[in-house]
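Report on one structure; see the data block that follows.
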Amino acid sequence: MKRMIVTALALGILFSGCKGALGEDSSSRGKIPEIKIGVAVYREDDTFIETIVDNIEKLAKETETKDKVKITVNVVDGKGTQATQNDQVDKFLAQGYDVICVNMVDRTASATIIDKAKNAGIPVIFFNREPVEEDMQRWDKLYYVGSIPAESGTMQGNIVVDAYNADPEKADKNGDGKLQYVMLEGEPGHQDALIRTEYAVKTVTRKGIKLEKLASDTANWQRAQGATRMTQWLEQEFGDKIEVVFSNNDDMALGAIDALEAAGTQQLPIIVGVDGTPPALRAIQDGTLTGTVVNDSKKQAENIFKLAYALANGTPLEDVPELSQGKYIRTPHRQVTIGNVAEELEIE
25 MKRMIVTALA LGILFSGCKG ALGEDSSSRG KIPEIKIGVA VYREDDTFIE
75 TIVDNIEKLA KETETKDKVK ITVNVVDGKG TQATQNDQVD KFLAQGYDVI
125 CVNMVDRTAS ATIIDKAKNA GIPVIFFNRE PVEEDMQRWD KLYYVGSIPA
175 ESGTMQGNIV VDAYNADPEK ADKNGDGKLQ YVMLEGEPGH QDALIRTEYA
225 VKTVTRKGIK LEKLASDTAN WQRAQGATRM TQWLEQEFGD KIEVVFSNND
275 DMALGAIDAL EAAGTQQLPI IVGVDGTPPA LRAIQDGTLT GTVVNDSKKQ
325 AENIFKLAYA LANGTPLEDV PELSQGKYIR TPHRQVTIGN VAEELEIE
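Heads up: the sequence shown begins at 25 in our numbering, then just goes up one per residue.
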């Protein structure tokens, strides 16, 4: 009798082992793995940021189908307020997201987010707005995806130089041997804005072209504010004296064009932007925008998603060849003018 009980127990253990080997029970056998990615942006109505987010969401859907995995991408809008963004990131952390991607409202305020993410053990990918170097060294699971702002400023300067050399008399409307310019800046203290501004001007003067600054002001990356600033300059101070408009991004450059056209300006000045947004490319094609510098939103989105997916899956980061110094991915820029805008529109 004792032998039969032992045999029955052995058979029970055997069958329970087989059940595990065959892949748990029916309730867990068909379960699809899920990855949760939180994306916190400084403003969702920023045209360039919007294109990055759209491309991240597109890549997530494509990867779901390809890898048979559920990917949740939750995008939240900080509406230009750091306190709001901090609260949004807190919710991602509390809900156990696998990775958080942050486009900071204030790049100097990243330490709070970093320390909370470190305590929760959730990696953070910053993008487009680079935290200060000291903050990036606070933890080994912090990453940044963006571009090189000095490069974009240099390319803006090159576009102005090329436009001047192509027709000096048209560029220098008053014939005084100098180009009078205004500068539309992104926002006070923003690293990319400061560097783009510096290198755009420096590049032109280094090529032997004299510049005279008429005015500069911030327009917070927004088209409407760019139009307002330009209208003020046209009506109150400079009229048709402006020969070059440098803009830290395309939206503000398009705002400047709006103001110039509303004022009935017959011959537009040289106008240059940064980002390569579809509306800016169309403006180049129409002949109103002289040129832009493509800040490749598709490539940046691809790098953000590739890195986020690898981190969420625990994949070795050696599989992300674009990563340098274990933390940074920087995408190169491209100059676009009337000569190559058609091929750029094909890429879009």
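Think of the CB as a built atom: it goes at the ideal place given N, C-alpha and C, for glycine as much as any other residue.
Since this is a predicted model, take the numbers as computed values, not measurements.
Item                                                                                                                                                                                       : Value
Tell me the DSSP secondary structure of V228 in three-state form.                                                                                                                          : helix
So, for S51: in the same chain, excluding its five sequence neighbours on each side, which residues have a beta-carbon less than 6 angstroms away from its beta-carbon?                    : Residue placement at S51 is poorly supported in this model, since its pLDDT is 39, which falls under 50; the coordinates still yield a value, given next. Counting only Cβ-Cβ distances below 6 angstroms, and skipping sequence neighbours, we find nothing.
Applying the 10 Å Cβ sphere with the 16-neighbour rule, what's the burial state of Q6?                                                                                                     : Since the first residue of the chain shown is 25 and the last is 372, residue 6 is not available in this structure.
Tell me the rounded alpha-carbon separation between I362 and D310.                                                                                                                         : 9 angstroms
Assuming contact is defined by CB atoms lying nearer than 8 angstroms, are A304 and L313 in contact in what I supplied?                                                                    : yes
What are the start and end residues of the beta strand (DSSP E) that includes T96?                                                                                                         : 94-101
Sort E154, D122, L83 by Cα distance to M128 and report the nearest one.                                                                                                                    : E154
Rounded to a whole number of angstroms, what is the C-alpha to C-alpha distance between E88 and V156?                                                                                      : 34 angstroms
Beta carbon of I353, beta carbon of N337: below 8 angstroms?                                                                                                                               : no
If we define contact as Cβ-Cβ less than 8 angstroms, is R220 a contact residue for chain B?                                                                                                : Of the protein chains in this structure there is only one, and it is not chain B.
Starting from E58, follow its DSSP beta bridges and name the residues at the other end.                                                                                                    : K94
Mind checking who G145 pairs with in its DSSP beta bridge?                                                                                                                                 : Paired residue(s): none; G145 is not in a bridge.
Determine the direct distance from the alpha carbon of I61 to that of V123, and round the result to whole angstroms.                                                                       : 5 angstroms
Contact between the stretch 181-188 and the stretch 216-233 is defined here as three or more beta-carbon pairs at a separation below 8 angstroms; is this criterion met?                   : yes
State buried or exposed for P57, treating a residue as buried only when at least 16 other CB atoms are found within 10 Å of its CB.                                                        : exposed
So what's V365 in DSSP terms, helix, strand or just coil?                                                                                                                                  : helix
Assuming the contact rule is C-beta atoms closer than 8 angstroms, Y168 and M160 should be a hit. Round their C-beta distance to whole Å, please.                                          : 7 angstroms
If you count every other CB in all the chains shown that lies within 10 Å of the CB of T96, and 16 or more means buried, which is it?                                                      : exposed
On the three-state DSSP scale, how would you describe K82?                                                                                                                                 : helix
Among L83, L284, N244, which has the Cα closest to the Cα of G263?                                                                                                                         : L284
Out of D101, A64, Y121, which one is the CA nearest neighbour of Y333?                                                                                                                     : Y121
Looking at the structure shown, is R162 part of a helix, part of a strand, or coil, going by DSSP?                                                                                         : coil
Can you tell me whether E209 is helix, strand or coil according to DSSP?                                                                                                                   : strand
Since V344 and G315 are thought to touch, with beta carbons under 8 angstroms apart, how far apart are those beta carbons, to the nearest angstrom?                                        : About 32 angstroms separates the two Cβ atoms, so there is no contact after all.
Alpha carbon to alpha carbon, how far is S20 from K197?                                                                                                                                    : There is no way to answer for residue 20, as the model of the chain reaches only from 25 to 372.
Quick check: the Cα distance between F270 and E209, rounded to an integer number of angstroms?                                                                                             : 8 angstroms
Of the residues G104, Q246, V99, which one's Cα is nearest the Cα of K115?                                                                                                                 : V99
So, for Q215: in the same chain, excluding its five sequence neighbours on each side, which residues have a beta-carbon less than 8 angstroms away from its beta-carbon?                   : R131, R153, E154, P173
How many angstroms separate the CA atom of V318 from the CA atom of K202?                                                                                                                  : 28 angstroms
In its own chain, which residues sit with a C-beta less than 7 angstroms from the C-beta of A307, not counting the 5 before and 5 after it?                                                : L278, I281, L313
For L46 and E370, what's the separation of their Cα atoms in angstroms?                                                                                                                    : Bear in mind that a pLDDT of 32 at L46, under 50, signals an unreliable position, so the model cannot answer this.
Grab the span of the beta strand (DSSP E) containing E236 for me, first residue to last.                                                                                                   : 235-242
Might you give, ordered along the chain, the residues of its own chain that have their beta carbon closer than 6 angstroms to the beta carbon of G350, omitting 5 neighbours on each side? : none
May I ask you to list the residues that DSSP assigns as paired with R354?                                                                                                                  : G170
Are the beta-carbon atoms of R329 and A64 separated by less than 8 angstroms?                                                                                                              : The residue asked about is misnamed: residue 329 is Phe in this sequence, not Arg. No, these two residues do not count as a Cβ contact at 8 angstroms.
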